[in-house]
Amino acid sequence: MDLKLKARQWLTDHALPLWLENGIHADGSFVENLSREAKPLPGSQRCMVQARQIYSFCEAVRMGLWTKDKIAPIVTRATESFIQRYSMPSGAFTHLVEEDGEQSPLVDLYAQSFALFGLANAFELTGDVKFKERALQHIDYLYKERRLLGGSGFSEYVGGEVAFEANPHMHLFEASLAWMRVDADEFQWRNLADEISGLCVGRFVDRETGALCEHFDVNWKPLRQNNLFVFEPGHHYEWAWLLLQYEKLTSASAGAIPLLLFEVAEKYGVDAKTGLAVDEVWSDGRVKKGSSRFWPQTERIKASVCLAEEAETEELKQGFLRVSDQAAAGLFKFLDPVKPGLWEDMLLENGKFTDLYVKASSLYHIICAWSEYIRKR
C-alpha cells in the first residue's frame, strides 16, 4: 500500500477514533497511558501529556480529519481543566498532578515549554482569549524567574539541581513558533524565537563536529566525558525541521545549520541494518545507545520532507524524499505490530520491543510526522 494512504488510514480509521473514545477522562483531561488493549491506566498525569494531546486534537482538525465543531468543545474543556489543575501561583505549570489532585513541586522547563505550546494550539482552534492571557502570564514568569543571568536561555531542573539543557529550549522554540503563527502582532513570541535560534546556532551546535550537544555547563560549554559529548540524531532532525519553520515565518536565515544537522544524523545516527535512527551517538561518531525509539523516526520524516521542499535541484529533492520514505516505513515498524491506533515505543538492539503499555505523549510526534508527510511527500 502507498505509505501516504496507509498513514492517513492509520489516523482516520484507527488512531483518532481510538484516542477520542478511550483517551479522555470524565473531567475532560487526557489519559496518560493506555494498556495494550486500549484501556485507560490509572496514575499521575504529566503536564506535557495534556499539552501534547491538545496539539494532537488540533492538528487533526488542521489536517481536515476532524471538524472544528466536533473538536473545539473537547479542546476548550481540556485546556480549561489543564489551566485549573496545573497552574501554580508563580505563573508556572507543575510537572504533574497526582491521582489525588496534588501538584508536584517540580516546575521543569520542559513542562513549561509544552504548556506554552498547548495554549497556542488551543487559542488557534478556539480563539478563546483567556488562553492567550494565560500564555502571556506564563512567559512573564519565564523571563522573571527562569532567565539565566548574564546570557541567553533559561534554567532547567534535573534531579533537583539547576541544569543547562538544549532539549527544553528546543520545545520552547517550538512553542514560540506556534504562537507566532497565530498571534503575529505580539512581539514577545518573535523575540523568544530569535533568542533560541541564536542559542542553537551559536552555542548548541559544535562547529568542529557539526553535532548538537544536549548537556551544558553554566557558560553553555558542552559537558564532556573523555573529551566527548553526546548527541541525539532525533533531536538533530527535530532542530533542523524547527529552524526551517523559523526561516519561513521570519525570512531570517539559519544558514547551513539545518542541512548540517540532518547530514550528521544521517551519517552517524542511522543503523544500516534496520534503517532506523538510533537513540544516542558520541560526538566522534560512535554509537552510544543503539536502541531505536519510535520518535526519532518521526523527526526524520519531518526534516527530510521539508528539506526536499527547499532543495535546489531535482536530484537533491529526490534524495531527501527517499529518506522520508525510509523513515516512514521505519515508523510503521512501531505501529504495525500492535492493535491498530497504538504503537510500540522502543526497539532494543536485540530486535525486541520493550513496552508494556502505550504512552499518550507519543501521538504528538506521530500525527505531526504524518501531517508533514501527507502534505509534502
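Quick note on numbering: numbering that gives the first Met the number 0 labels position 271 of the sequence shown as 270, and the sequence is numbered without any gaps.
Don't be surprised by glycine CBs; every beta carbon is placed ideally from N, CA and C.
In this text the structure is predicted, and so the values were computed from the model without any measurement.
Simplified DSSP state of residue i, which is helix, strand or coil
i, result
"Ser43", "coil"
"Leu64", "coil"
"Arg285", "coil"
"Ala276", "strand"
"Pro339", "strand"
"Arg399", "No answer is possible for residue 399: it lies beyond the span of the chain, which begins at 0 and ends at 376."
"Phe113", "helix"
"Pro221", "strand"
"Leu347", "coil"
"Ser252", "coil"
"Leu227", "strand"
"Leu105", "coil"
"His24", "coil"
"Ser86", "strand"
Outcome for residue i when other beta-carbon atoms lying within 10 angstroms are tallied against a minimum of 16
i, result
"Gly233", "buried"
"Asn120", "buried"
"Ala255", "exposed"
"Glu379", "No statement about residue 379 is possible, as the shown extent of the chain runs from 0 to 376 and does not include it."
"Lys385", "Residue 385 lies beyond the stretch modelled for the chain, which goes from 0 to 376, so this question has no answer here."
"Asp1", "exposed"
"Leu191", "buried"
"Asp12", "exposed"
"Asn351", "As written in the sequence, residue 351 is Lys, which differs from the Asn given in the question. Lys351 comes out exposed."
"His24", "exposed"
Endpoints, beta strand (DSSP E) assigned at residue i
i, result
"Trp281", "279–281"
"Leu33", "32–34"
"Val322", "Careful: Val322 lies outside any beta strand (DSSP E), inside the alpha helix (DSSP H) at 313–334."
"Leu163", "Strictly speaking, residue 163 in this sequence is Phe, with Leu absent from that position. Phe163 -> beta strand (DSSP E) spans 160–164."
"Glu97", "First-last for Glu97: undefined, no H or E at that position."
"Tyr140", "Careful: Tyr140 lies outside any beta strand (DSSP E), inside the alpha helix (DSSP H) at 128–140."
"Glu155", "155–157"
"Lys358", "356–358"
Beta-carbon spacing of residue i, residue j below 9 Å
i, j, result
"Leu171", "Phe153", "yes"
"Ser151", "Leu198", "yes"
"Ala110", "Thr93", "yes"
"Ala253", "His235", "no"
"Ser28", "Ala59", "no"
"Phe230", "Gly268", "yes"
"Gln49", "Gly117", "yes"
"Leu242", "Ser196", "yes"
"Arg146", "Ala359", "no"
"Ile70", "Phe56", "yes"
"Ile365", "Leu320", "no"
"Leu227", "His214", "no"
"Ser250", "Glu173", "no"
"Gln168", "Phe203", "Here the sequence assigns His to residue 168, which means Gln is not the residue at that position. Contact: yes."
"Ala328", "Arg299", "no"
"Lys301", "Glu237", "yes"
"Ser303", "Val322", "yes"
"Lys131", "Asp184", "no"
"Asp127", "Gly90", "no"
"Leu306", "Ala239", "yes"
Span of the alpha helix (DSSP H) around residue i
i, result
"Tyr245", "232–249"
"Glu20", "15–21"
"Leu4", "2–8"
"Cys367", "362–375"
"Phe203", "No alpha helix (DSSP H) holds Phe203; DSSP gives it neither H nor E."
beta-carbon residue i near the ligand MG non-hydrogen atom, thresh 8 Å
i, result
"Arg61", "No copy of the ligand MG appears in this structure; indeed no ligand is present at all."
Cutoff 9 Å: residue i Cβ touching any chain C Cβ
i, result
"Phe56", "In summary, chain C is missing from the structure at hand, where a single protein chain is found."
Does the contact criterion of 3 or more C-beta pairs under 8 Å hold for the region 268–288 versus the region 304–315? Put simply, the region 268–288 does not touch the region 304–315. Fewer than three CB pairs are less than 8 Å apart.
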